[in-house]
Amino acid sequence: MTPGEFNRTALNPRQAVVVEACAGSGKTWLLVSRMVRLLLDEVAPSEILAITFTRKAAREMRARLDDWLRFMATAEDDAVRAFLAERALPPETIEALLPRARGLFEAVLNAQPGITISTFHAWFLTVIERAPLEAGLAGFSLAEQTHALEAAAWDALADDLARAPTAPLALAMQGLLADIGLYNTRALLSAFLARRGEWWAFTEGQPDRAAYAVAQLEAALPVAPDADVAGALLGDAAWVALMWEYLKLLGQHTPTSIKMAQTCELALSANASADDCFDTLCAAILTQHGEIRKTLSYSVTHAKKMGECALLRLLELHQTVGARLMAAQAARQTQRVYQFNRQALRLGDALLEHYQALKHARRVLDFADVEWQVARLLSDSDQAEYLQYKLDARYRHILLDEFQDTNPLQWRVLQSWFDTAEQAGRMPTVFLVGDPKQSIYRFRGAEAQLFDLAGNYLTGRGAAYLTQHTTRRSAPPVVQAVNQTFAAVKNEYALFRPHAAHDAQRAGRVEVLALAQAPEQAVIEHGYRNPLTTPYSDADTGVRELEAQQLARRLNQIIGHWLIDDETTGARRAEYRDVMILVRSRTHLPVYERALKAARIPFATTRRGGLLDALEVGDLLSLLAFLTTPDADLHLARVLRAPLFDCADTDLLMLAGAEGDTWRQRLRTLVHNGHASPALQRAATLLTDWHTRAGRLPVHDLLDNIYFTGEVQARYAAAAPTALIPGIHANLDALMELALTIEGGRYPSLPRFLHEIDLLQQTGNDASPDEGKTAQLDNAVTLHTIHGAKGLEAPIVWLLDAGARKARTDAYTVLTDWPPGAARPAHFSVYGDKTLRASFQADFFDAEARHAQRENFNLLYVAMTRARQALIVSGASSKSQNDNWHGQILAALRTDADAASVTFGADLDAPMPASTPVVPAPATLAALSAGLNQPQPTGRRIAPVGSSEISYGIVLHAILERITPPARAPAAMALKTELGNPAEFDSAWQHAQRLLGTPLLARFFDPGQYCFAHNELTYLDAHGESRRIDRVVGLADAVWVLDYKSGSDASAAQLATRHRAQLEDYRTAIRHLHPGQPVRCAVIAADGRMIEIE
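So for the sequence shown, full-length UniProt numbering puts the first residue at 1; every next one is plus one.
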């Protein structure tokens, strides 16, 4: 098919199309061109729905559409005609469509509603918003960060177990802890929580989800869960007779065999239990891995000693007896894994129940909830017909991007909609595009096989199926490297088809560098290494340091020398921003970052949730920790060595040798004696001042003072390459912002702030805040994981750490099997280490291994196809042979079988005189005038409300939120711990109990007297600001809005006047949520009075 024919079919607005397109083939161009064609075909903007998988992709799609519409509105007629011709409009129609093309920009901008371009989750939220009230989803908002809710669910589960220590659930927890320990138990149940979507689908419609799942596993067992396997074996007289025959012959073999026979005879003859006897026999005859020992073999010497017939019989019995032991051991292993699953699934479901209850009480949904609720609403719920009608009435054209990343629930939603629409004769026109070779998110639930399933579904309903294997991104040498690499594994990887380069003349280059070899390990002559004088030598880190040095050297040879074919500016010299460095994981990323810093090469690590890992943020957090705990010597040492104070090693050595129990005392001693350096003197002065402020300033104000008096931004700028300074400043600003936003800014105390930071760090990158955003990364190399680089490209791509690595072994997680197209998973279980896996899971482990192999090939494909002009591959030597991408690429490209490296393609050195880029001089500290740090009089100071009153009010509100229904009230001590043991807790707790016991207020807190209730209901006001209502209660005659006030000195009239505007705003919001119902508002005073605001 020619490119023209391809575009005529793909962009036909009345033809459903499935496009399988390789990396760099222009899928986004195709999608947005399809939107333009739809609009030109007089499709209303509101009838178009485009779904992609990331907000970034949705923004890019929207921006490109806006740019193209603006171009058609403002460009010359000939340019617009050429634009339309590129998008395969019939030549005879272009002239007539020109006026419409020019008016599309205005039409789309003014359209209400307009084109929907969103992610799956964003679109699902709009579906939920349209759901009828009976669905029970009104008033819910999206919680993108759920780490605090997950931690609270753990606490709630622990409280339940503590209240009933002999209940089955508590006994299950005790068994799990005894079996695998606390760390693995938490990891396992957290993994269960992460796979809750599959769990809901697997157990859909079951009243007792855990019991159903356990019953499914029991039905698959090859042995009864409570069978006495050892007793049955030892009760088999025939087998026992063989065993005695075996032991008699074994006693005639070698001395080692004689001892083994004696051990087994003693076990069989003793009065030991069947289990103990069985364990003894297994230990003697089987290895630790459960295989038959190879200690017996045929030899002429033994044949002469025993007689050949006796020896052959011994060898035969060794296999026979061993095979029965192995089978029995496997059966007992199956029983153990079943019990392990029985405990874990019940606990996981209980943890999930607490997690869901907490979210429901706070009226929030997470991403898994959003997917499941929409799947439920559109498939078999009472509201399905209503919602599907709403969708059919709105959207007539669906565009689905990156469909290989779809998960089964998302496809279930789409298929339910399409099936219903087809039955009603209103099947929308679907344009589906993707590339199964780029499916690399299986760990998030993506299922690449759904692309083929959806393709068959649509082609069976008249859709055209197109393939595109020509890349517009990569130069011919890069395409050649990709083709040869995957041609070599065509038997293992059937997805790949040879690619072609659109621009056959573009200069390109491929370099596969020789593996960095591990340095020789230093020999320690006298026992142990002295850690104070000899650094630890890690071979794995050492070889990667050599690779990192190779990276830095080669980059300095490339930057300013290679010629880049820039589509915008034409040929130019390579800059740092032209280089994208890719790694498979972040494990060794710090090694490469250190090398780039040492070579003063500017770089930006675009990692998700990386703010708390940034060095400058870590320094400031150490400072805050020291101000909270002044005896924390390690935190002080880090702060002193950081750019904030820039103390030298000699300063720290002086501190280490000074008098005093702590470094803080030693610093004071040095300053008092006049022996402190200027840097230490400055540190002592500022730390003393900041410590005084730490006890009385909110965290944000404290940081503001530290930034100003400590010249933080200038000092960090002086210590970093120029290109990194914007990122450092952005991170420092992000930390300041975090002090205001963390948990809604409700924890102003420094210890509480640090506690919340610890929680974020414990939950990993998914919950941790992102690094600060800069207006420009300036001229810097970028480092990405391959997963993070999906959708990106660069002129020069360097694939680091491509050598072999240790095989990854997952443990203490969930094993599922969800066949493509099935309504629910076929299997759901958990597993642990190698001893906690059973035969009934074997087929699913094999399937996972096949999926993992395919995704590993996909990951390599994605990495190689990011390169436009040059691809460089390097790695570190390893004893392992697993996932050896470097070896795979090298073997496919080299012509000499002994070659350790390969280079081919054009010489990209610029024909102009080469010059190494000049590294900018570091910034210098600004000289501050003596009075600059003094506060300047501005405005008029108003006497603030006492901080104790504010703290008391915060604690009272927090208690009422957590103990009033529908919340599940925790024990007082547990709640006190959850809130950080505030000093005001005891009095606030008693205050809250008095309010709940006030007869006048009983109807608002007794579930038997109201229809519904919500605590801390969040909404957006007319200005887009987030607000919270303390309590909303639905009674038979009205909906009540209650606002708690902890102060008790005001009269009813004063309270009404003071809070009328606030309550009226609340009333307006609730009227939108409950139209047609009376809404009444009241203030609940500290003494229990209820003052209604008319």
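Just so it is clear, CB atoms sit at the ideal spot from N, CA and C, and this is done for glycine as well.
Which same chain residues end up closer than 7 Å to residue i when comparing Cβ atoms and leaving out the 5 residues on each side of it in sequence?
i    : result
R342 : V214
W200 : W372
S33  : L11 and R87
Y298 : L311 and L315
Is residue i helix, strand or coil by DSSP?
i            : result
H1023        : coil
residue 1097 : Outside the shown range of the chain, which is 1 to 1094, sits residue 1097, and nothing can be said about it.
D817         : strand
S25          : coil
Q517         : coil
D907         : coil
R968         : coil
H1014        : strand
E1092        : strand
Y831         : strand
D1030        : strand
F140         : coil
E42          : coil
H499         : coil
G657         : helix
V671         : helix
A614         : coil
Y716         : helix
Between the beta-carbon of residue i and the beta-carbon of residue j, is there less than 7 Å?
i     : j     : result
A1069 : I1091 : no
L515  : A350  : no
F140  : R363  : yes
V229  : R332  : yes
V873  : V579  : no
A10   : L466  : yes
L242  : A310  : no
I117  : M61   : yes
R497  : H469  : yes
L612  : F626  : no
Beta-carbon within less than 6 Å of residue i's beta-carbon, same chain only, minus the 5 sequence neighbours each way: which residues are those?
i    : result
V919 : Only weak support exists for where V919 lies, its pLDDT of 44 falling under 50; the coordinates are left without a value.
G980 : R752
A156 : H354
M1   : none
Do you know how far the Cα of residue j is from the Cα of residue i?
i     : j    : result
A344  : V814 : 10 Å
S880  : T287 : 24 Å
R1028 : L956 : 15 Å
G997  : T964 : 12 Å
I48   : I115 : 5 Å
F708  : S190 : 42 Å
H700  : L686 : 17 Å
R14   : H397 : 9 Å
A187  : E198 : 18 Å
D646  : V639 : 9 Å
A604  : A867 : 18 Å
E106  : R64  : 16 Å
Q388  : Y861 : 39 Å
A923  : R577 : Confidence is the limiting factor: at A923 the pLDDT is only 40, short of 50, which leaves the residue's position unreliable and the question unanswerable from this model.
Y952  : A958 : 10 Å
T907  : A870 : Rather than Thr, the amino acid found at residue 907 in this sequence is Asp. C-alpha separation (whole angstroms): 11 Å.
L960  : V43  : 53 Å
Using a Cβ-Cβ cutoff of less than 8 Å, which residues in the same chain neighbour residue i once the five nearest sequence positions on both sides are dropped?
i     : result
H1074 : G1034 and V1039
C277  : A230, L234, A267, L268 and A270
T471  : C22, A23, G24, S25, V479, H499, A500, A501, H502 and T865
D619  : R638, V639, A642, P643 and L644
Round the Cβ separation of residue i and residue j to the nearest angstrom and send it over; I've been treating them as touching at under 8 Å.
i            : j     : result
A143         : L137  : Actually they do not touch by this definition, with Cβ atoms about 14 Å apart.
residue 1095 : E771  : The structure shown has nothing for residue 1095, since the chain only spans 1 to 1094.
D1030        : Y1044 : 5 Å
Under 6 Å: does the beta carbon of residue i sit that close to some heavy atom of the ligand NAD?
i    : result
R442 : This structure simply doesn't include the ligand NAD, nor any ligand for that matter.
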